[in-house]
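These notes are about the structure you will find just below.
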Amino acid sequence: MNPETNRLFLNKEGKELLVLGFLSLKNDVLNTQHAAYHWHYYFKTGEVKTDAPDYIKEAKKKTDFLTLEEEEKEMIMKIDKARAIAEAELEYARDEGMAKGLKIGMENGRQEEQKRNLEEKRVLLLNLMQTSLSLKEISEISGIDIETLKKWKAESE
């Protein structure tokens, strides 16, 4: 609060910049569901309960980090960096694997479709051979050479 104007300090958006609250550590009668209880517990014991709000857990992490020696901080930062690099490598490998699998799947699908189309064409041409059309006429219509038509006809009989 500005002592000259008795007004709160505001940021550029007009929101309160800083709000101070006072918490008596002597008062042990607090609602266990209230954040004040969790702050009270944290300030008295240095520990945070599992049901505490996330921002109190974050505050503990930050204070724990800030109380470490420089060497410990560097080690944690190196571990975090190594973890981030490993996660990035895993994500890259996963993306590459997905792309490769998709490419292989599409190629296999194309091959299966070509086989299916060829089989359908073969069945159609075998049906045409049952008609009065000659092999030469069927070959001209379908674009399949006469030898292949003869082979298919022999296989079907």
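Residue numbers for the sequence shown follow our numbering, beginning at 521 and rising by one. Just so you know, even glycine gets a beta-carbon here, dropped at the ideal spot from N, CA and C. The model shown is predicted, which means the values in this text are computed figures rather than measured ones.
Query	Result
Selected residue, minimal CA-CA separation from F563, among T552, K569, L545	L545
Any 3 or more C-beta pairs closer than 8 angstroms across the segment 613-620 and the segment 636-654	no
Whole-angstrom distance between E567 and P573, CA atom to CA atom	13 angstroms
Cβ neighbours of D665 in the same chain (closer than 8 angstroms, five flanking residues each side left out)	S659
Alpha-carbon to alpha-carbon, A604 and L537	33 angstroms
Contact set for K580: own chain, Cβ-Cβ below 6 angstroms, skip 5 residues either direction	V568
Under 8 angstroms between C-beta atoms of K670 and L653	no
Cβ pair S676, L646 closer than 8 angstroms	yes
Bridge-paired residues (DSSP) for L530	E536
T552 - DSSP class collapsed to helix/strand/coil	coil
Nearest-angstrom Cα separation, counted from K641 out to N628	20 angstroms
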